[in-house]
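Chemist: Per this note's numbering, the very first residue in the sequence shown carries number 4; after that it's consecutive.
Just so it is clear, CB atoms sit at the ideal spot from N, CA and C, and this is done for glycine as well.
If you're wondering where the values come from, they're calculated on a predicted model, not measured in any experiment.
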Amino acid sequence: MMTMAELLAKCPKIIETRNKFGILIKSDVILHSLDILLYRLSIVRHFYGKSMIVNSGYRDPEYNQKVGGAKWSNHQYGLAVDIADPERKLWDWINVNMVLMEELGFWFESKTATPTWVHFQIVPPISGVRIFDP
Ligand SMILES: [Zn+2]
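1) Which residue's Cα is closest to the Cα of phenylalanine 123: Val47, Gln68, Glu65 and Asp63?
2) Measuring alpha carbon to alpha carbon, tell me which of Lys16, Thr6 and Val99 ends up nearest tyrosine 80.
3) Using three-state DSSP, classify leucine 41 as helix, strand or coil.
4) Can you look up isoleucine 134 in the DSSP assignment and give me helix, strand or coil?
5) Going by other Cβ atoms of all chains shown within 10 Å of its Cβ, with 16 needed for buried, is phenylalanine 50 buried or exposed?
6) Enumerate in chain order the residues of its own chain whose CB-to-CB distance from leucine 27 is below 7 Å, with the five nearest sequence positions on each side excluded.
7) Going along the chain, which residues of its own chain have a beta-carbon closer than 7 Å to the beta-carbon of cysteine 14, five neighbours each way excluded?
8) Nearest-angstrom Cα distance between leucine 34 and glutamate 90?
9) If you pair each beta-carbon of the stretch 69–76 with each one of the stretch 99–111, do three or more pairs fall below 8 Å?
10) Which partner residues does aspartate 85 have in the DSSP bridge list?
11) Would you call phenylalanine 24 buried or exposed, if buried means 16 or more other Cβ atoms sit within 10 Å of its Cβ?
12) Is the distance from the Cβ of leucine 93 to the Cβ of valine 121 below 8 Å?
13) From which residue to which residue does the beta strand (DSSP E) around glutamate 112 run?
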């Protein structure tokens, strides 16, 4: 089972911040996005049937900068999560189950950009491509 505590493990206090459009994203909106992310992930977990370890869930802006995250990283808005996948089992499963991923509304950073984890996000990149290079 996946929990909100896992998504908030590194940054338990949600900090409001502006997105790339200059819109201030309030903490209650970030929490709501995390709820949606968690719900969709729980469905993946259910069908995948194996444990899924959160490497990085919500990141406040300071922590995101500290770990070298992208300036407009979706992790700061509760829209993305990284799941550990050192043996690429999850990645392979996702690719076999891409129709489910599309139905759930997940987009992914490319395999080469995420060598030992899977980056899930619940918003499309500007390109709209399901698996994209960040
Ligand atoms: Zn990520």
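Modeler: Taking the geometry as given:
1) On the sequence shown, residue 123 is found 120 positions in, with the first residue counted as 1. Among Val47, Gln68, Glu65 and Asp63, the Cα nearest to that of phenylalanine 123 is on Val47.
2) Sequence index remark: in the sequence shown, residue 80 carries index 77 (1-based). Checked all of Lys16, Thr6 and Val99; the closest Cα to tyrosine 80 is Lys16.
3) Taking the first residue of the sequence shown as 1, we reach residue 41 at position 38. In this structure, leucine 41 counts as helix in the three-state DSSP scheme.
4) Mapped onto the sequence shown, residue 134 falls at position 131. It is a strand residue.
5) Translated into positions along the sequence shown, residue 50 becomes position 47. The residue is exposed, with fewer than 16 neighbouring Cβ atoms inside 10 Å.
6) Counted from its first residue, the sequence shown places residue 27 at position 24. Only Glu19 and Arg21 meet the Cβ criterion.
7) Start at 1 with the first residue of the sequence shown, and residue 14 comes out as number 11. Excluding residues within five positions, the ones whose Cβ falls inside 7 Å are Tyr61, Arg62, Asp63 and Tyr66.
8) For the purposes of this step, residue 34 is taken as residue 31 along the sequence shown, with counting starting at 1. For the purposes of this step, residue 90 is taken as residue 87 along the sequence shown, with counting starting at 1. Each residue's alpha carbon lies about 31 Å from the other.
9) no
10) Position 82 of the sequence shown holds residue 85. Aspartate 85 is bridged to Ser59 and His122.
11) Within the sequence shown, the letter at position 21 stands for residue 24. It is exposed - the Cβ of phenylalanine 24 has fewer than 16 other Cβ atoms within 10 Å.
12) Working through the sequence shown from its first residue, we reach residue 93 at position 90. Working through the sequence shown from its first residue, we reach residue 121 at position 118. Their beta carbons are under 8 Å apart, which means leucine 93 touches valine 121 by this criterion.
13) The residue you call residue 112 lines up with position 109 of the sequence shown. Element bounds for glutamate 112: 110–112.
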